[in-house]
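*Asks:* The following block contains the structure, expressed as structure tokens.
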Amino acid sequence: MTRIGILYKVEELIKDKTPEERYQERQKQSRPVVDALFEWLHSMEDSVDRSSLIGDAILYTLNQETYLRRYLDDGHLSIDNNSAERAIRNFAVGRRNWLFAKSIRGADASAIVYSIAETALLNGLKPYVYLSYVLDELRKMGPFPKPDDLNRLLPWSNELPEGFRTKEKK
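Going by the UniProt record's numbering, the residue at position 52 of the sequence shown is 52; the numbering climbs one at a time, nothing skipped.
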């Protein structure tokens, strides 16, 4: 657990750096810790009861080694998937509400709107204001909008009015 704590401390220190800087720091600081962790896990592999909780945890971690090391090789990647889990948490809660949709198409429409709202949030937008703007702009564009006009409306577009922003993009 100490080694994992060290890895998260490094991530805290480099969170505001560029992807290239994060990559460099991970090579210097995190890679030796990860190497030592997996070296220890491999040394424990044959000496633990595979059916015990600790044995199961060690085997699981060793089976995931390639994936767990992946963040070291790309400064764009996070050490964990916590942000993704936070993003889908509300979606999972919303699933209960969709049980009461009157039709499959209604449930699909709700899921689409919810997905757009979550994407807006992840891009630092106020979802209600953003959705209202998009619907109004789509109405003005008519039945055959140009791809460039649609791209201008995407949540990550730099052409959206500044008043829509709640904070920096996540």
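The beta-carbon is built from N, C-alpha and C at its ideal position, and this holds for glycine as well.
Since the model is a prediction, treat every value here as computed from it, not as a measurement.
#1: Between I14 and E20, is the Cβ-Cβ spacing less than 8 Å?
#2: Would DSSP call L77 helix, strand or coil?
#3: Is there contact between the stretch 101-111 and the stretch 124-140, where contact requires at least three CB pairs shorter than 8 Å?
#4: Confirm, please, whether the CB-CB distance from L62 to H42 is below 8 Å.
#5: Tell me which residue opens and which closes the alpha helix (DSSP H) that V48 is part of.
#6: Below 6 Å CB to CB, which residues in the same chain sit around Y23 once its five sequence neighbours on both sides are set aside?
#7: Assuming N72 and V10 make a contact with CB atoms under 8 Å, what is their CB distance in whole Å?
#8: Within the same chain, show all residues whose beta-carbon is closer than 6 Å to that of F164, passing over the 5 residues directly before and after it, in chain order.
#9: Check the DSSP bridge columns for R86 and list the partner residues they point to.
*Replies:* Quick look at the numbers:
#1: Taking the first residue of the sequence shown as 1, we reach residue 14 at position 14. Taking the first residue of the sequence shown as 1, we reach residue 20 at position 20. Result no, Cβ atoms of I14 and E20 do not sit closer than 8 Å.
#2: Start at 1 with the first residue of the sequence shown, and residue 77 comes out as number 77. Secondary structure of L77 (DSSP, three-state): coil.
#3: no
#4: As a working note, residue 42 is residue 42 in the sequence shown. As a working note, residue 62 is residue 62 in the sequence shown. Result yes, Cβ atoms of H42 and L62 sit closer than 8 Å.
#5: The sequence position of residue 48 within the sequence shown is 48, counting from 1. Counting along the chain, V48 falls outside any alpha helix (DSSP H), and DSSP gives it neither H nor E.
#6: Reading the sequence shown from its first residue, position 23 is the one you call residue 23. Correct list, in chain order: G75.
#7: As a position in the sequence shown, residue 72 is number 72, starting the count at 1. As a position in the sequence shown, residue 10 is number 10, starting the count at 1. One point to set straight first is that residue 72 is Leu, not Asn, in the sequence displayed. Contact annotation, L72 with V10: C-beta distance approximately 11 Å; criterion of less than 8 Å not satisfied.
#8: The residue you call residue 164 lines up with position 164 of the sequence shown. Excluding sequence neighbours, F164 sits near L125, K126, V129, Y130.
#9: The count along the sequence shown starts at 1 and reaches residue 86 at position 86. Beta-bridge partners of R86 (DSSP): none assigned.
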